[in-house]
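Just so you know, the sequence shown maps onto residues 0 to 89 in numbering that gives the first Met the number 0. First the structure, in the form of structure tokens, and then the observations on it.
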Amino acid sequence: MSLSLKEYIDSFLEKEISANEFADNYMSQWKQERDQHTLAKDEDNLSELLSSTFCAADMYNSDEDREEYEFNEDELRSELNKLMFNFLNK
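And the structure:
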């Protein structure tokens, strides 16, 4: 199971790491677990959280000239809080 990815999300939400660090590292770790078929072993609810987090992290852009659909750090954290709320309440 991919509990290390979930714990990494928790670390970001607790503001232990920056959005720049989180987005790059999370996407790299997620891809590695995908390629090793580790993600396929997760329960549906956890799998949904992890893949949705990957999509949100991919939409993060630290630049001031980000596109309207892209997230800044606060927006990324807000989106992940929503995803975590849904995960915990299913």
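Cβ atoms here follow ideal geometry from the backbone N, Cα and C, with glycine treated the same way. Quantities reported herein were computed from a predicted structural model and do not represent experimental measurements.
Among the options, which has the Cα closest to the Cα of residue i?
i	options	result
F53	K14, L38, D64	L38
Can you tell me which of the three DSSP states residue i falls into?
i	result
Y68	coil
Could you give the C-beta distance for residue i and residue j, rounded to a whole number, given that I count them as a contact under 8 Å?
i	j	result
K81	L45	Contact doesn't hold; Cβ gap of about 16 Å is too wide.
S1	L49	6 Å
E69	Y59	7 Å
So, is residue i buried or exposed, given that buried needs 16 or more other C-beta atoms within 10 angstroms?
i	result
E91	The structure shown does not extend to residue 91, since the chain is modelled only from 0 to 89, so the question has no answer here.
S77	exposed
F84	exposed
D41	buried
L87	exposed
* Within the chosen definition, does the region 50–67 reach the region 15–30 through at least 3 CB pairs nearer than 8 Å? -> yes
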